[in-house]
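Residue numbers (the working numbering), protein chains in the order written: chain A, 1 to 288; chain B, 289 to 508.
Here's the structure, in structure tokens; my notes come after.
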Amino acid sequence: MFRNVAELVALAESKQVKIAEIMIQQEIEVTGLTREQIIEKMDRNLTVMEQAIERGLKGVQSFSGLTGGDAVLLQNYIKSGKALTGHILLDAVSKAVATNEVNAAMGTICATPTAGSAGVVPGTLFAVKEKLNPTRMEMIEFLFTSAAFGFVVANNASISGAAGGCQAEVGSASGMAAAAIVELAGGTPAQSAEAMAITLKNMLGLVCDPVAGLVEVPCVKRNAMGASNAMTAADMALAGIKSKIPCDEVINAMFLIGQSMPSTLKETAEGGLAATPTGKRLAKEIFG
Amino acid sequence: MKYRSAFDIIGPVMIGPSSSHTAGAARIGRVARTLFGRQPKKAIISLYGSFAKTYKGHGTDVAIVGGLLDFDTFDERIPQALTLAKEVGMDVQFVVENLVTDHPNTVRIRLYDENNELDVVGISIGGGSIEITELNSFKLKLSGEYPAILVVHQDRYGAISGVTNILAKYQLNIGHMEVSRKEKGNMAMMVIEVDQKIEDNVIKEIESLPNITQTIRMVE
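What follows is the structure in structure tokens.
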């Protein structure tokens, strides 16, 4: 069993397999399920992700009225041809938003690694799909590679906003996505680790300050930025850029930052954006 | 290692918006329903801590009631659970408690019908995982990290060894086990955590033993 990213990369390199394969083998070992059962289970998760994106791109509204419809606005903007950034980047952002809007509207999603950060991994996957044309199996592997990096973060730091702030939720999701994009694009296991490190470094300190305590504001837009962060870091790693601070040390830094973060900034809705005049007004409007 | 499976990271498939406030809440409700054994007629749901503060916006209320209607975390009927509860004749009451509990996401569920009564306390520990900490005033301590079953049985000679023999036969290694009873010879309970997944046939075999009333999978 791998305990950290260094061991994960070393295992993939020594066996000359993808990181996804290391995760699949470990899953077989831990659960006693067959390879086919494990692949099938992840295949079902992938289908849920695909359906959530489709639903979000048609437009949804949350019960509170705080979020919904932004994924549609972005898709229309992409189609207008006026977008300044690249098509795939904005497509990833819109699909991440779509997923998280569905989540906020109490739709069906796959927690990746949590519900509040469920948009980043599928958003980036279904955006790069158009350029890289992966097989269904390669898309399933994308999720196992994401899982492998998320597994390390969950066991050595945290993937919960209440425990570590939003850096632990959207930050982890973005790092997981970046690593998986690199692998799908043909990068090495070491480059996946660099992408994860670069992404997470740039989301350190991100607080969890949901307005009215709801998984909506700023969560939906943080999924958007997480997706664009992941795409950029993946391209940087594929270009050969390295993180000066190794991935495992970045994860540990994230853990320590989470520990020293005051509880007002860890999902309590007592600080940050939740404590702004508008944040408080919205909370009052929704809950009275 | 706290997390063991890739599906702890990619999953569960669930109704939004929060893995701990919605998916975990639904799971606690469903375990309570399973322990009750059938559709209850009345449910009094006491919410503590963060559950008490944000339950409406997170759908914790509908998720728990969805669980009481035997819905899984991904059941699309969860948002309509309160209406559906009325349709099946289950009276639901919510009580917002001010008491500070050990865990911020704590709920006590009391279930009733003409023949039965059940009192369950559950906590939602994150990512959709849950723990049951109390059952009919039996204190339980279940980590939620390993596959676990709860065996309700009559306090008789051999009841415990009967269960552990079956686990040994299927090479399931017990990591933690608790046995408790209210008084000698009456209803008793075993909570068993194992290192491997417990297949359905193992549970069926345990249930066929004498003096075993019920076997429930607590953690997959």
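All residues carry an ideal CB built from backbone N, CA and C; glycine is no exception.
- prompt: Helix, strand or coil for Asp379/B per DSSP?
  reply: Looking at Asp379/B - three-state DSSP - the assignment turns out to be strand.
task: Using only alpha-carbon positions, find the residue among Pro218/A, Pro210/A, Ala197/A and Asp248/A that is nearest to Ala234/A.
output: Of the candidates Pro218/A, Pro210/A, Ala197/A and Asp248/A, Ala197/A places its Cα closest to the Cα of Ala234/A.
- prompt: Just to confirm, are Asp358/B and Ala154/A a CB contact at a threshold of 8 Å?
  reply: Taking 8 Å as the Cβ cut-off, Asp358/B and Ala154/A do not qualify as a contacting pair.
message: Residues of chain B with CB closer than 8 Å to the CB of Phe287/A, please, in chain order.
response: In chain order: Lys344 and Gly345.
message: With a threshold of 8 Å between beta carbons, is Gly107/A in contact with chain B?
response: With its beta carbon less than 8 Å from one in chain B, Gly107/A belongs to the interface.
message: I want to verify the contact list: residues of chain A whose CB lies under 8 Å from the CB of Thr310/B, in sequence order.
response: By Cβ distance, chain A contributes Met106 and Ala115.
task: Taking only the alpha-carbon atoms, compute the straight-line gap between Met225/A and Val93/A and give it to the nearest angstrom.
output: Each residue's alpha carbon lies about 7 Å from the other.
query: Which value, in whole angstroms, describes the spacing of the CA atoms of Ala190/A and Asp360/B?
result: So the alpha carbons of these two residues sit roughly 39 Å apart.
query: Where does Ala96/A land, buried or exposed, given buried means 16+ other C-beta within 10 angstroms?
result: Counting C-beta atoms within 10 angstroms of its own C-beta, Ala96/A has 16 or more neighbours from the protein chains shown and is therefore classed as buried.
query: Straight-line CA distance for Pro305/B to Glu7/A?
result: Using only the alpha carbons, I get a separation of about 34 Å.
query: Which two residues bound the contiguous alpha helix (DSSP H) that contains Gly354/B?
result: Membership of Gly354/B in the alpha helix (DSSP H) is indicated by the continuous run Thr348 to Leu356.
message: What would DSSP say about Gly119/A, mapped onto helix, strand or coil?
response: DSSP places Gly119/A in coil when its eight states are reduced to three.
message: On a Cα-Cα basis, can you pick out the residue from Gly347/B, Lys470/B and Leu438/B that is closest to Ser425/B?
response: Per the Cα distances, Lys470/B.
message: When you compare the CB positions of Met23/A and Ile140/A, do they come within less than 8 Å of one another, or not?
response: Not a contact, by the Cβ cut-off of 8 Å.
query: Is Gln16/A buried or exposed, if buried means 16 or more other CB atoms sit within 10 Å of its CB?
result: Counting C-beta atoms within 10 angstroms of its own C-beta, Gln16/A has fewer than 16 neighbours from the protein chains shown and is therefore classed as exposed.
query: Can you list the alpha helix (DSSP H) stretches of 4 or more residues lying completely in the segment 240–269 of chain A, in chain order?
result: Fully enclosed alpha helix (DSSP H) runs of 4 or longer: 247–260.
query: Would Gly271/A pass as a contact of Thr264/A if the rule is Cβ separation under 8 Å?
result: Yes; because the gap between Cβ atoms is below 8 Å, this pair is in contact.
query: With 16 as the cutoff for other CB atoms within 10 Å, does Tyr445/B come out buried or exposed?
result: Answer is exposed; the Cβ neighbour count stays below 16.
query: How about Ala148/A and Met254/A: do their beta carbons lie closer than 8 Å?
result: The answer is no: Cβ separation not under 8 Å.
query: Cβ atoms of Gly119/A and Asn100/A: under 8 Å apart, would you say?
result: Cβ atoms of Asn100/A and Gly119/A: closer than 8 Å.
Spatially closest choice to Met236/A from Ile181/A, Ala274/A, Glu249/A and Val250/A, by CA coordinates: Considering only alpha carbons, the answer is Ile181/A.
field: 7 Å Cβ cut-off: residues of chain E touching Thr31/A
entry: Of the protein chains in the structure, A and B, none is chain E.
- prompt: Nearest chain A C-beta to Gly415/B closer than 8 Å, yes or no?
  reply: At least one chain A Cβ lies under 8 Å of Gly415/B.
- request: Assuming Leu387/B contacts Tyr336/B (C-beta within less than 8 Å), just tell me the rounded distance between them.
  value: About 6 Å; that satisfies the 8 Å criterion.
message: Determine whether the beta carbon atoms of Val439/B and Ile462/B lie at a separation below 8 Å.
response: The answer is no: Cβ separation not under 8 Å.
- prompt: Can you list, in chain order, the residues of its chain whose CB lies under 6 Å from that of Ala195/A, leaving out five sequence neighbours each side?
  reply: Correct list, in chain order: Ala178, Ala179, Val182, Ala233, Ala234 and Ala237.
field: Contact test: Ala311/B Cβ vs the ligand GDP heavy atom, cutoff 7 Å
entry: Among the components of this structure there are no ligands whatsoever, and the ligand GDP is therefore not found.
message: What does DSSP give as the partner residue(s) for Met477/B in the beta ladder?
response: In the DSSP output, where bridge partners are listed per residue, Met477/B has Val440/B and Ser468/B.
- prompt: Which same chain residues, not among the five before or five after His391/B, have their C-beta less than 6 Å away from its C-beta?
  reply: Cβ within range, chain order: Ile411.
task: Using a Cβ-Cβ cut-off of 8 Å, state whether Phe362/B counts as contacting chain A.
output: Among the CB atoms of chain A, one or more fall inside 8 Å of the CB of Phe362/B.
field: Below-8 Å beta-carbon distance, Met465/B vs any chain A residue
entry: Output row for Met465/B: interface = no.
query: Bridge partners of Gln502/B, per DSSP?
result: Gln502/B pairs with Val440/B.
field: Candidates Arg55/A, Asp209/A, Glu267/A and Lys280/A, of which the one nearest Asn103/A by Cα
entry: Nearest C-alpha to Asn103/A: Arg55/A.
- prompt: DSSP state of Met176/A, grouped into three classes?
  reply: Met176/A falls in the helix class under three-state DSSP.
query: If you count every other CB in all the chains shown that lies within 10 Å of the CB of Gly186/A, and 16 or more means buried, which is it?
result: Around the beta carbon of Gly186/A, fewer than 16 other beta carbons lie within 10 angstroms, which makes this residue exposed.
query: What does Ser425/B reach in chain A if we use C-beta pairs closer than 8 Å?
result: From the beta-carbon of Ser425/B, no residue of chain A is found nearer than 8 Å; the closest lies around 29 Å away.
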